[in-house]
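Have a look at the structure below before the remarks.
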Amino acid sequence: MLLSRYLLPVMKETPADAQIVSHQLMLRAGLVRQTAAGIYAWLPLGLRVLDRISAIVRREQDRAGAIELLMPTIQSADLWRQSGRYDAYGPEMLRFQDRGQREMLYGPTNEEMITAIFRDCVRSYRDLPRTLYHIQWKFRDEVRPRFGVMRGREFLMKDAYSFDMDEASGQLSYYTQMLAYLRTFEAMGLRAVPMRAATGPIGGNLSHEFIVLADTGESEVYYDSDYEHLNWNQSAFDYGNAQDLDAFKRMFSHMYAATDETHDLRAWEQVPDERKKNGRGIEVGHIFFFGTKYSAAMGMHVQAKDGSLVTPLMGSYGVGVSRLMGAIIEANHDANGIIWPEAVAPFDIGLINLRPDDAACAAAAHDLQAKLEAAGRSVLHDDRDARGGEKFATMDLIGLPWTVTIGPKGVAARTVEVKRRATGEKQEVSVESLVAGLAKSDTMGAL
RNA sequence: CGGGGAGUGGCGCAGUCUGGUAGCGCAUCUGCUUUGGGAGCAGAGGGUCGCAGGUUCGAAUCCUGUCUCCCCGACCA
């Protein structure tokens, strides 16, 4: 991608409305534009990140056996009357009428809709268990939206729903999602800790929230430092395996983790002092197992093996996809800007041509861009007629993992400067070794 | 929803108290000089001062109403 043909409105100054660093950087780096309180337009660079976060969520959901579908953003009030939540849900729900004066709403969540779909599609125990998910925009008319996309009114959420014949199977679905969540967040370069949570209006008795550790987080968290040493993606737990999931459950159950709301001082005392950690965190996911709350209210039955009618047990599992972008920035930035983890970066490489007016430099830059892209890397090529300093500052601000600089000094020798955003380390490498290194490596780290 | 603050070119702000017809920095455009970490000089474009009423010879400025946004608190992915 040529920057001269892209839309990247970066700002040198910080908009006065933005208070927290992720919000400030998202505005300055041209990722989003606010269009109303808690509502954002996703600019090209921001959309690329959003898509990459979604892709990681989707990949792990698929691995965990969940099935993707897509439900609409607009729902009818009738659906919500079936569960009784139309009246129970407060002014947080955005309600309106269509031209026929039918009462409609913009979905804040989808328990009712998925329950109706599954109820109407499924008759037999043979069709269970199932976990279905979608990644779709939600709207909650929060009293006080704030912190940019961290608490927007409109937000992108992955929500999954499980249907099981019995409690044991339901727990399996629940812990499958929990494991998928831990792997998902880890794959984005985040350290997320699961914490027991109150179930609130969604109901049920088993619930965890997932807190990403970041100094600027909203809630105070207390946790066992053992969490910092776990690697869920390398753990051998198999999603389909009951023994594995049981072992997984025991593994995190014996480690203490709580927010200030659920903090249990007596349990905390049991944690060895050297492992006691506390800090701040951002909630990025929340899972619930609530049994038959919706399936019973909405008349869902499937026929069991013995011919009896059974009301399936359900769980729901949410990830704040758009919020994750804010959380990732909160956890990965410095004074110069964002430092994207490679897994979610909008482009792998920023290619700076210091002298676009110089024919040799321009030819070398376009040639290198083509080679890098042929090697499977996404490249943002800064070919603008601007000075070096501005280009370096822009790249640091938007936080691409690698910056490759081409200038008159290196062009003759066919060398370029490669800089790693996370560490700031730079090295001169030949064009050939750069391209060769990329072709055979998953990450640029091999350089 | 309670409490506080703010709306003036794209961004950051001054001007408001004490009315006299809008200004600064950055950004943008043109030209020249520059070019390895947000350049210099010269010139230019862009704002019915959130909106609606009112007071006045005259309103960004005073009065009334209204909308929007931000912050603190109670609630949430």
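Numbering of the first sequence is given in our numbering, commencing with residue 41 and proceeding in unit increments. Even for Gly, the Cβ is constructed at its ideal location relative to N, Cα and C.
- Message: Quick check: the Cα distance between Tyr-334 and Glu-182, rounded to an integer number of angstroms?
- Response: 24 angstroms
- State buried or exposed for Ala-452, treating a residue as buried only when at least 16 other CB atoms are found within 10 Å of its CB. exposed
- How close, in whole Å, do the beta carbons of Asp-425 and Pro-396 come, if the pair is a contact with beta carbons under 8 angstroms? 6 angstroms
- Query: Between the Cα of Ser-293 and the Cα atoms of Pro-84, Ala-307 and Gly-280, which residue gives the shortest distance?
  - Reply: Ala-307
- Do you know offhand how far Asp-204's Cα is from Glu-370's? 37 angstroms
- Item | Residues sharing a beta bridge with Pro-234, DSSP | Phe-250
- Query: What are the start and end residues of the beta strand (DSSP E) that includes Thr-299?
  - Reply: 297-299
- In three-state DSSP terms, what is Gln-141? coil
- Using only alpha-carbon positions, find the residue among Arg-88, Phe-288, Leu-270 and Tyr-267 that is nearest to Phe-277. Phe-288
- For Gly-360, which of Gly-78, Pro-49 and Ser-94 has the nearest alpha-carbon? Ser-94
- Do Gly-78 and Arg-193 have their CB atoms nearer than 9 angstroms? yes
- Task: Please go through the same chain and pick out, in chain order, the residues whose beta-carbon is closer than 8 angstroms to the beta-carbon of Asn-271, but skip the five residues on each side of it.
- Result: Glu-226
- Item | Thr-455 - DSSP class collapsed to helix/strand/coil | strand
- Item | Segments of 4+ residues assigned as alpha helix (DSSP H) that fall wholly inside the stretch 387-418 | 399-414
- Considering Ser-259, what are the terminal residues of the beta strand (DSSP E) in which it resides? 259-264
- Item | N-terminal and C-terminal residue of the alpha helix (DSSP H) that Ser-116 is part of | Element bounds for Ser-116: not the alpha helix (DSSP H) but the beta strand (DSSP E), 114-116.
- Pull up the distance between the alpha-carbon of Glu-413 and that of Glu-382, whole angstroms please. 16 angstroms
- Item | Alpha-carbon spacing of Ala-486 relative to Lys-431, whole angstroms | Because Ala-486 sits at a pLDDT of 46, beneath the cut-off of 50, its placement in the model cannot be relied upon, and the point is left open.
- Item | Three-state class that DSSP yields for Ile-3 in the structure shown | Nothing can be reported for residue 3: it is not among the residues displayed for the chain, which extend from 41 to 487.
- Message: Quick check: Leu-394 and Pro-312, are their CB atoms within less than 9 angstroms of each other?
- Response: no
- Item | Reference Phe-195; option with closest CA among Gly-339, Gly-366, Ile-438 and Phe-330 | Gly-366
- For Asp-436, is the classification buried or exposed, using 16 other Cβ atoms within 10 angstroms of its Cβ as the cut-off for buried? buried
- Message: So within the stretch 316-365, which uninterrupted beta strand (DSSP E) runs reach at least 3 residues, ignoring any that extend past its ends?
- Response: 316-331 and 353-360
- Task: Note the first and the last residue of the continuous beta strand (DSSP E) segment covering Trp-177.
- Result: 170-179
- Item | Residue from Ser-265, Glu-309 and Ala-282 with nearest C-alpha to Leu-253 | Ser-265
- Item | Cβ neighbour criterion (16 or more within 10 Å) applied to Ser-123 | buried
- Task: Using the Cα positions of Glu-53 and His-63, report the straight-line distance between them to the nearest angstrom.
- Result: 13 angstroms
- Query: CB-CB under 8 angstroms to Val-61, same chain, minus the five flanking residues each way: which ones, in chain order?
  - Reply: Thr-256, Ile-369, Glu-370 and His-373
- Query: Short check: CB of Gly-27 to CB of Gln-176, under 9 angstroms?
  - Reply: Residue 27 lies beyond the stretch modelled for the chain, which goes from 41 to 487, so this question has no answer here.
- Task: Pull up the DSSP beta-bridge partners for Arg-135, would you.
- Result: Leu-145
- Item | Cβ distance (whole Å) where Leu-172 is taken to contact Tyr-201 below 8 angstroms | 6 angstroms
- For the stretch 468-476 and the stretch 81-100, state whether three or more C-beta atom pairs, one from each stretch, are separated by less than 8 angstroms. no
- Query: Do the CB positions of His-421 and Ala-405 come within less than 9 angstroms of each other?
  - Reply: yes
- Which of the three DSSP states, helix, strand or coil, is assigned to Asp-374? strand
- Item | Endpoints, the alpha helix (DSSP H) within which Ile-79 is located | Note, Ile-79: premise wrong, no alpha helix (DSSP H); beta strand (DSSP E) at 79-82.
- Cross-strand partners of Ala-267 (DSSP beta bridge): Looking at the sequence provided, one finds Tyr at residue 267 rather than Ala. Paired residues: none, contrary to the question.
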